[in-house]
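Numbering (my numbering), first residue to last: 150 to 285. Worksheet: the structure to be examined is printed underneath.
Printed below as a string of structure tokens:
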């Protein structure tokens with residue numbers, strides 16, 4: 150029998166901002182967690198949203214947030230327009246979570262924006278995977 154390897158874990162809070170690759174999308178994107186993660190070693194696929202300046206038409210959820218101030222340090226190049234976007238397949242796994250560099254926390258930095266995002270998600274049923282976010 151193989152010996153069980155205990156992997157180091159960490160916890161992350163909802164609203165944690167970080168840069169990451171997303172499935173099927175090239176390059177890194179500014180993403181944020183939609184729920185708390187107590188133990189990153191057991192995460193299979195955790196839903197995330199990301200910030201973009203061009204929402205296009207390929208997203209399942211799009212919310213303009215240009216009216217809120219977002220720090221320049223979160224972006225390589227900050228543009229005038231900002232949107233929160235998500236696809237049903239936008240998620241990250243334990244391997245990504247273990248190596249992310251947290252840039253800040255949206256809940257702590259901009260609680261009004263967090264409430265706006267949660268309100269919009271609650272009122273636009275996107276998928277069952279979003280049912281447990283934002284303390285819904």
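Positions of the beta carbon are idealized from the N, C-alpha and C atoms, including for glycine. All values reported here derive from a predicted model rather than from experimental measurement.
Given residue i as reference, the closest of the options once Cα atoms are compared
i	options	result
residue 179	168, 230 and 263	168
residue 225	257, 214 and 202	202
residue 233	204, 165 and 259	204
residue 265	214, 242 and 166	214
residue 258	230, 237, 272 and 223	223
Distance, residue j Cα to residue i Cα
i	j	result
residue 248	residue 170	12 Å
residue 162	residue 184	7 Å
Residue i vs residue j beta-carbon contact at 8 Å
i	j	result
residue 255	residue 181	yes
residue 240	residue 200	no
residue 104	residue 246	This structure cannot settle anything about residue 104, because the visible part of the chain is limited to 150 through 285.
residue 286	residue 251	Summary: the structure shown does not reach residue 286, with the chain confined to residues 150 through 285, and so no result is reported for it.
Endpoints, beta strand (DSSP E) assigned at residue i
i	result
residue 180	174 to 182
residue 165	165 to 171
residue 194	No beta strand (DSSP E) holds residue 194; DSSP gives it neither H nor E.
In chain order, each beta strand (DSSP E) run of at least 3 residues that lies wholly inside the stretch 246 to 274
Given a length threshold of 3 residues, the stretch 246 to 274 has no whole run of the beta strand (DSSP E) inside it.
Output the residue ranges of the beta strand (DSSP E) runs that lie fully inside the stretch 199 to 223 and measure 3 residues or longer, sorted by chain position.
Taking only runs of at least 3 residues, the beta strand (DSSP E) segments lying wholly in the stretch 199 to 223 are 210 to 213.
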